[in-house]
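Protein chains: 2
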Amino acid sequence: MSKPINANPRRTLTLRDVSEASGVSEMTVSRVLRGRVDVAEPTRIRVREAARALGYVPNKIAGALASQRVNLVGVIIPSLSNMVFPEVLTGVSEILDNTGLQPVVGVTNYSPEREERVLYEMLSWRPSGVILAGLEHTDAARAMLAQAGIPVVEIMDIDGAPVDSAVGISHRRAGRQMAEAIIAAGYRNIAFLGTMMPDDHRARKRLEGFEEALSKAGLALVDREFYSGGSALLKGREMTEAVLTRSPKVDFLYYSNDMIGAGGLLYCLHKGLDVPGRVGLAGFNGVELLDGLPIKLATMDACRLEIGRRAAEIIAGKRAVEGQGEVIELFPTLQTGDTIR
Amino acid sequence: MSKPINANPRRTLTLRDVSEASGVSEMTVSRVLRGRVDVAEPTRIRVREAARALGYVPNKIAGALASQRVNLVGVIIPSLSNMVFPEVLTGVSEILDNTGLQPVVGVTNYSPEREERVLYEMLSWRPSGVILAGLEHTDAARAMLAQAGIPVVEIMDIDGAPVDSAVGISHRRAGRQMAEAIIAAGYRNIAFLGTMMPDDHRARKRLEGFEEALSKAGLALVDREFYSGGSALLKGREMTEAVLTRSPKVDFLYYSNDMIGAGGLLYCLHKGLDVPGRVGLAGFNGVELLDGLPIKLATMDACRLEIGRRAAEIIAGKRAVEGQGEVIELFPTLQTGDTIR
DNA sequence: CTTTCGACTGTTACCGCTAACATAGCGATC
DNA sequence: GATCGCTATGTTAGCGGTAACAGTCGAAAG
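Here the protein sequences line up with chains A and B, keeping their order. Residues 867 to 1207 (this note's numbering) make up the first sequence, in order. Residues 867 to 1207 (this note's numbering) make up the second sequence, in order.
Spelled out as structure tokens, the structure:
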């Protein structure tokens, strides 16, 4: 009776408010706002105006619950601070933009436990699909993915068994290829510089492939140096100095990523070392940053943009859950740049 | 009667499934899974085990609708591909990690329209708060923010009027300070190199402050050069070459960000120019990358981590919506590095 | 004029969970 | 032994939308 009028002057708006303001049912408002075609033009206009005037923003939580549809795609990656994953995201968004699907990013910092937590959190929002980096996950994470009943794409790596689909390159092969190129160029005293890799499986696989090819040629790594944390460029510089000081006969430096490779290259140039004569260098990833260096570091692009695109396409295409997942292998190209003779 | 048993063998699980499996009511299951304390220990254990055995993942959509609570915080930033925003995100996550709140990132690519869309999309999930970069937004965006009834923090910049709260630095002042330092060091023929800035308001404000201080000293920019897109490091190199060729008497290069500054620095070093004697350089942001350069570029850190932290604290603290927003000004420190004499 | 049909709009019943309140035990208190 | 006061659990009624189906109404067809 004495319901307080205007007690809550800015209570959050609902369909009902728009419905009352425009004189049609909530259902019709809902139809208009979702862009369905079976509403008369004049009605449509009235509703749109009422909604805009009120500043109504639909509640997707309610909508998703009712329709059992969520236009979100979880994307779980290890890090944002190296340039590689942002580029994957670019590829993903590019494709998803035309589908009504929306990426939601989660970051794991290369921690499997954190990945599990992030995944759990994401799945609890019932996304339409999940894209996640790597093939290595906790058992619980793998189980969740399998149970979720949504398309799952594991990206970056294909050396292993995916839960559902996978898009990536063979890092083992990439490492092998680089080793072969280096050996062919005549280098014999090769050192590896890279991340400490308890959980960077892709770097590990590259190194494995690299060493495999070396040993096939009767060679072995002359030295190796690892780091974790800090400014990659600086670390590359420091590690390079350490290695060249400790093992003066080293004539090639293979870096696990371009950033430390760039640091090493700058160091060598600064020291006036003959590159690629006295010492050769190579990195991995093909990041844009390298274009700005005085001379071009040898590298292998990781097909990041393309991986993002393909993964998104799989999610967008696979409305139906069933059907075996597909595995798409991409092939990185070796760019010898100016640092391999 | 003849309801098909197991018709949908992997229908998605609900509380009811866990409830049946553990022999208690849905409500009790709900309580256990939300970690509420008023459930007997044996019950709690039974429920947990049933949930784990089934692989149940709660449906936050339903939960959020029922409780009118969403543990999400929208974070809207222009870009992920320069190192500045990832660091802001790090600060945000760091604080939010202890609060049960979760950041959700949206990227605008410096487009106001895209920002508006991303914001709309986010608000439709009814987040507990929004953090977004900059003070410049479309009218519609500003209206949505004001209507949303949730804490809003605009970050990076405080030269303007925030919708609610703001955390950032004064870019105008930052530009002024840098100009003063450069003038004090005796440089007189100063050029500016930076982004084309229809929508990079912070770079614009820095330039404004910079020129203001110049003119106060009776000086004016001798040359200027703009770019957009592409590898920043490379652009820095190219623009630097262009400026030094076109205006040989230039003795100082002020860059709108560290990345192009680094490119310029590498170019100068490569050309054997005397830095900082013949020509001085300065950038902006204080990115970690600079630590790896042969000599240290002068810069000003933008307090990115701290901005992220403070913004998150405001959101986390402000359970209540009311109360005027606060404006927190941070003060960047000028690091002269090795490129100002 | 009645019937039919299609275009448009309304009604009803949930979606899966949680707030709020109700209830059942059960030992302590007087 | 009745009452009280807990603690532990259950019941009820939505949260704000949407699917599915049910009208309504005017024009075309018979």
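Even for Gly, the Cβ is constructed at its ideal location relative to N, Cα and C. Predicted model only: the values in this text are computed from it and were never measured.
Minimum C-alpha distance to residue i - residue among the options
i, options, result
"N975 of chain B", "B:D1065, B:A928 and B:A1007", "B:D1065"
"S1113 of chain B", "B:G1060, B:N1055 and B:G1102", "B:N1055"
"D1157 of chain A", "A:D1124, A:V1141, A:C1134 and A:G1138", "A:D1124"
"S1094 of chain B", "B:A1083, B:F1118 and B:A1069", "B:A1069"
"K1184 of chain A", "A:L985, A:Y986, A:C1134 and A:G995", "A:G995"
"F951 of chain B", "B:D1140, B:L998 and B:L1163", "B:L998"
"A1012 of chain A", "B:S1081, B:Y922 and B:E1091", "B:Y922"
"G1149 of chain A", "A:P1160, A:G1102 and A:T1111", "A:G1102"
"S959 of chain B", "B:L1200, B:A1098 and B:A1182", "B:A1182"
"G1203 of chain B", "B:Y1133, B:V1141 and B:N925", "B:V1141"
"A1098 of chain A", "A:S1122, A:L1085, A:G1084 and A:G1075", "A:S1122"
"G1075 of chain B", "B:L1155, B:L1085 and B:R1038", "B:R1038"
Own chain residues within Cβ distance below 7 Å of residue i, not counting five before or after
i, result
"R1008 of chain A", "V1029"
"M1022 of chain B", "A999, G1000, G1034, R1068 and I1173"
"L881 of chain B", "E892, V895 and S896"
"V890 of chain A", "T909 and V913"
Any C-beta of chain A under 8 Å from that of residue i
i, result
"A928 of chain B", "yes"
"D883 of chain B", "no"
"P944 of chain B", "no"
"M1010 of chain B", "yes"
"R992 of chain B", "yes"
"P952 of chain B", "yes"
"N872 of chain B", "For N872 of chain B, the pLDDT reaches just 35, beneath the cut-off of 50, and the residue's location in the model is therefore unreliable, although a value from the coordinates is still provided. No, because no Cβ of chain A sits closer than 8 Å to the Cβ of N872 of chain B."
"Y1053 of chain B", "no"
"Y986 of chain B", "yes"
"H1136 of chain B", "yes"
"Q1190 of chain B", "no"
"L1132 of chain B", "yes"
"S933 of chain B", "no"
In DSSP terms, what residue i is bridged to
i, result
"P969 of chain A", "A:V939"
"Y1121 of chain B", "B:L1059"
"F1092 of chain A", "A:G1060"
"L1200 of chain A", "A:M1166"
"V1145 of chain B", "According to DSSP, which records beta bridges pairwise, V1145 of chain B is partnered with nothing at all."
"L998 of chain B", "B:I942 and B:E1020"
Own chain, CB closer than 6 Å to residue i, minus 5 neighbours either side, in chain order
i, result
"V970 of chain A", "L938 and G940"
"D1167 of chain A", "G1152 and P1198"
"A1186 of chain A", "Since pLDDT at A1186 of chain A reaches only 48, below the 50 mark, its modelled position is unreliable, and the value read off the structure follows with that caveat. Closer than 6 Å at Cβ, skipping near neighbours: no residue."
"A1014 of chain B", "L989"
"A930 of chain A", "V936"
"A1079 of chain B", "R1042, A1045 and E1046"
"I1048 of chain B", "F1118"
"L1139 of chain A", "V1145"
"I1194 of chain B", "V1033 and R1176"
"R992 of chain A", "V936"
Interface flag, residue i vs chain B, CB-CB below 8 Å
i, result
"T878 of chain A", "yes"
"V970 of chain A", "yes"
"D1157 of chain A", "yes"
"N925 of chain A", "yes"
"P1142 of chain A", "no"
"A1186 of chain A", "Reliability of the predicted coordinates at A1186 of chain A is poor, the pLDDT of 48 falling under 50, and no value is obtained from them."
"G921 of chain A", "yes"
"D1102 of chain A", "Contrary to the premise, residue 1102 of chain A reads as Gly rather than Asp in this sequence. Cβ-Cβ to chain B under 8 Å: yes for G1102 of chain A."
"P1160 of chain A", "yes"
"A949 of chain A", "At residue 949 of chain A the sequence reads Met, which differs from the Ala that was named. Yes, its Cβ sits closer than 8 Å to a Cβ of chain B."
"Q1013 of chain A", "yes"
"L1139 of chain A", "no"
"Q1201 of chain A", "no"
"G1146 of chain A", "no"
"G1129 of chain A", "yes"
"E1154 of chain A", "yes"
Contact belief for residue i with residue j at Cβ below 8 Å, rounded distance in angstroms
i, j, result
"S990 of chain A", "E1192 of chain A", "The Cβ separation is near 27 Å, so there is no contact."
"L920 of chain A", "V895 of chain A", "That belief does not hold up - the Cβ atoms of L920 of chain A and V895 of chain A are roughly 11 Å apart, past 8 Å."
"E1020 of chain B", "L1001 of chain B", "5 Å"
"T1106 of chain A", "L1163 of chain A", "Actually they are not in contact, since the Cβ atoms of T1106 of chain A and L1163 of chain A sit about 12 Å apart, beyond 8 Å."
"M949 of chain A", "L1155 of chain A", "7 Å"
Cutoff 8 Å; reference residue i; Cβ partners in own chain excluding five residues on either side
i, result
"A1057 of chain B", "L1087, V1088, D1089, R1090, E1091, V1109, S1113, V1116, F1118, L1119 and Y1120"
"L955 of chain A", "V941, I943, P969, V971 and G1174"
"T1004 of chain A", "P978, E979, E981 and E982"
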